[in-house]
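Everything in the sequence shown is counted per our numbering, starting at 329 for the first residue and increasing by one.
From the three backbone atoms N, C-alpha and C, an ideal C-beta is built for every residue, glycine too.
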Amino acid sequence: MKQGEEQGSGLAVLRAALDAPEGFDRYQHRARTEDVRHHYPHTVAYRELVEESTCVTYALKLFGDRSYRAIASNFNREVFAGRQFVEWLLQNHLTEMQHAVPGCLALYFHAGVWKHVGVVTGEGRIISQWGTFPVYEHAVLEVPARYGDQVRYFEMLGSGDALRLFLEFCKAIGLSDWDIANAVRTGSA
Numbered sequence: 329m330k331q332g333e334e335q336g337s338g339l340a341v342l343r344a345a346l347d348a349p350e351g352f353d354r355y356q357h358r359a360r361t362e363d364v365r366h367h368y369p370h371t372v373a374y375r376e377l378v379e380e381s382t383c384v385t386y387a388l389k390l391f392g393d394r395s396y397r398a399i400a401s402n403f404n405r406e407v408f409a410g411r412q413f414v415e416w417l418l419q420n421h422l423t424e425m426q427h428a429v430p431g432c433l434a435l436y437f438h439a440g441v442w443k444h445v446g447v448v449t450g451e452g453r454i455i456s457q458w459g460t461f462p463v464y465e466h467a468v469l470e471v472p473a474r475y476g477d478q479v480r481y482f483e484m485l486g487s488g489d490a491l492r493l494f495l496e497f498c499k500a501i502g503l504s505d506w507d508i509a510n511a512v513r514t515g516s517a
């Protein structure tokens, strides 16, 4: 489902204000988001700060998985659940939905390019981790402008499918079964 056009310049200004500058301190992000509220009212609500996670690992519940973390750390962050993984998922592994339902994935795009993912929590509400910044619950388009202006919904992967598909992705990009097993066995480089 496309949620393309921004509803007035107020939303565009809010979304620009929610964009933290490059290198901004993740521990100060919550206070910055609250400061934005004083100038541009919004419903963005802080939920938690998850260490060593991003929008993808949070939405797919990979951030706490020992095998995922071992692989991501063992290959110097060259193999991880990021843009390349999501694009791979979009090719053959995610099922698009016409309408959002609680628990489904909300993927954000800019000019057709994937930028961000969250999980639908209720009508018009999403929970997502903003990069390495905190996790927020927010209205569908109450996100930083850099996440794009098109939202499409996809069925959530089943329990265990995210890790299974990540391991398939690792093989698709050239890791061998031995590479994967060794990374998991040793824990990290």
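Buried versus exposed call for aspartate 363 [16 or more other C-beta atoms within 10 Å across all chains shown]: Exposed is the label assigned to aspartate 363, since fewer than 16 other Cβ atoms lie within 10 Å of its Cβ.
Distance CB(leucine 493)-CB(leucine 390) smaller than 8 angstroms: In this structure, leucine 493 keeps its C-beta atom at 8 angstroms or more from the C-beta atom of leucine 390.
For tryptophan 458, count neighbouring C-beta atoms within 10 Å of its own C-beta (all shown protein chains included) and say buried if the count is 16 or more, exposed if not. So tryptophan 458 ends up on the buried side.
Can you name the start and end residues of the alpha helix (DSSP H) that valine 384 belongs to? 383-387 is the extent of the alpha helix (DSSP H) around valine 384.
On the DSSP letters alone, give me the boundaries of the beta strand (DSSP E) that leucine 390 sits inside. Careful: leucine 390 lies outside any beta strand (DSSP E) and carries neither H nor E.
Reduced DSSP category for tryptophan 458 - H, G, I as helix; E, B as strand; rest coil: In this structure, tryptophan 458 counts as coil in the three-state DSSP scheme.
Suppose the cutoff is 7 angstroms on Cβ atoms and the five residues either side in sequence are ignored; what does the same chain contact list for histidine 421 look like? If you ignore the 5 residues before and after histidine 421, its C-beta comes within less than 7 angstroms of the C-beta of Leu493, all in its own chain and listed in chain order.
Go ahead and label threonine 371 buried or exposed: buried means 16 or more other beta carbons lie within 10 angstroms of its beta carbon, across all protein chains shown. A residue is called buried when at least 16 other Cβ atoms come within 10 angstroms of its Cβ; threonine 371 does not meet this threshold and is exposed.
Valine 429 versus threonine 449 - alpha carbon distance: A direct Cα-Cα distance of roughly 8 angstroms separates valine 429 from threonine 449.
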